[in-house]
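Asks:
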Amino acid sequence: AQKVTQAQTEISVVEKEDVTLDCVYETRDTTYYLFWYKQPPSGELVFLIRRNSFDEQNEISGRYSWNFQKSTSSFNFTITASQVVDSAVYFCALSEGRADYKLSFGAGTTVTVRA
Amino acid sequence: ETGVTQTPRHLVMGMTNKKSLKCEQHLGHNAMYWYKQSAKKPLELMFVYNFKEQTENNSVPSRFSPECPNSSHLFLHLHTLQPEDSALYLCASSPGGTGGALATQYFGPGTRLLVL
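Chains as they are written, first to last, in my numbering: chain Z, 41 to 155; chain C, 259 to 374.
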């Protein structure tokens, strides 16, 4: 069964628009970690953020913000005032319990920002 | 300097060839990983090495053979591959151990492999 679901396959926006990427996860562990990675056309996955299951504080880093809600098992990612350089595939991932070195990735959401 | 490097970046090989992919990390990490990324599929974990010991083999066919001579280097030896093995192969490393920061993985740029 898919542990991480990214329902949006592709999102296209015009520069300066905000874009929110949804991520829903499934786990029975009480201790787990959630991640977001960015994969630009060059191919390398770039680590953006890690959140542990005990920390539900939302986080903002520049134009990026993350909304973690355990009640809905969601860890959504918002890019504010998008730029062309934000065009990439974004992956949400989950690691669980004692095997937290194993990442379960979602299918990814392709974001295209048009000038 | 890029933390995780991979060579070659692109590789075309025939089904009878033998080739190797190389990964090197400059982050002082102790765990290294191979992933396969095919079009329209989620990333698939192939192998995990922790402190040079293989701790995970995710039902990978024997035509893929990993080697980890030390904590900084990881190889993936390829032999008699099939066209469906064409994909982006990503290497990653993490500090090693469990718990948040120690399990966070950092990726290389990948090797794009085409099997003819």
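Positions of the beta carbon are idealized from the N, C-alpha and C atoms, including for glycine.
None of these values were measured; they are calculated from a predicted model.
Report the partner residues of Pro-319 (chain C) according to the DSSP bridge assignment.
Replies: DSSP lists no partner for Pro-319 (chain C).
Asks: Of the residues that make up the segment 287-309 of chain C, which ones have a beta carbon closer than 7 Å to any beta carbon in chain Z?
Replies: Flagged, chain order: Ala-289, Pro-300, Leu-301, Leu-303 and Val-306.
Asks: If I'm right that Thr-369 (chain C) touches Pro-266 (chain C) with Cβ under 8 Å, what's the distance once you round it to whole angstroms?
Replies: The Cβ separation is near 6 Å, so the contact holds.
Asks: Measuring alpha carbon to alpha carbon, tell me which of C:His-287, C:Ser-278, C:Met-290 and C:Lys-298 ends up nearest Glu-342 (chain C).
Replies: Of the listed residues, the one whose Cα sits closest to Glu-342 (chain C) is C:Lys-298.
Asks: Short of 8 Å Cβ to Cβ, which residues in the segment 64-86 of chain Z face chain C?
Replies: So the close ones are Tyr-73, Phe-75, Tyr-77, Ser-82, Gly-83, Glu-84, Leu-85 and Val-86.
Asks: Can you tell me whether Leu-360 (chain C) is helix, strand or coil according to DSSP?
Replies: It is helical.
Asks: For the beta strand (DSSP E) containing Phe-333 (chain C), name the first residue and the last one.
Replies: Looking at the DSSP string, the run of the beta strand (DSSP E) that includes Phe-333 (chain C) is 331-337.
Asks: Return yes when the Cβ of Val-373 (chain C) is within less than 8 Å of the Cβ of Leu-332 (chain C), no when it is not.
Replies: Not in contact: Leu-332 (chain C) and Val-373 (chain C) (Cβ atoms no closer than 8 Å).
Asks: Return the residue from the list Z:Glu-50, Z:Asp-69 and Z:Val-86 that minimises the CA-CA distance to Leu-157 (chain Z).
Replies: Lying outside 41 to 155, the shown extent of chain Z, residue 157 (chain Z) is not represented and no answer is given.
Asks: List in chain order: all unbroken alpha helix (DSSP H) runs of 4+ residues lying wholly within the segment 77-131 of chain Z.
Replies: Runs found: none.
Asks: Just to make sure I have the definition right: I need the residues of chain Z whose C-beta is within less than 9 Å of the C-beta of Pro-327 (chain C). Which are they?
Replies: Residues of chain Z passing the Cβ test: none, with the nearest at roughly 20 Å.
Asks: Along the segment 260-276 of chain C, what residues have a CB closer than 7 Å to any CB found in chain Z?
Replies: For the segment 260-276 of chain C, which is checked against every Cβ of chain Z, not one residue is closer than 7 Å.
Asks: Scan the segment 362-374 of chain C for residues whose Cβ lies nearer than 8 Å to a Cβ of chain Z and list them as they occur along the chain.
Replies: From the segment 362-374 of chain C, only Thr-362, Gln-363, Tyr-364, Phe-365, Gly-366, Pro-367, Gly-368 and Arg-370 have a Cβ closer than 8 Å to chain Z.
Asks: Taking Cβ-Cβ distances shorter than 7 Å, what residues in chain Z pair up with Leu-348 (chain C)?
Replies: Those are Leu-85, listed as they occur along chain Z.
Asks: Tell me where the beta strand (DSSP E) around Gln-295 (chain C) begins and ends.
Replies: Looking at the DSSP string, the run of the beta strand (DSSP E) that includes Gln-295 (chain C) is 289-295.
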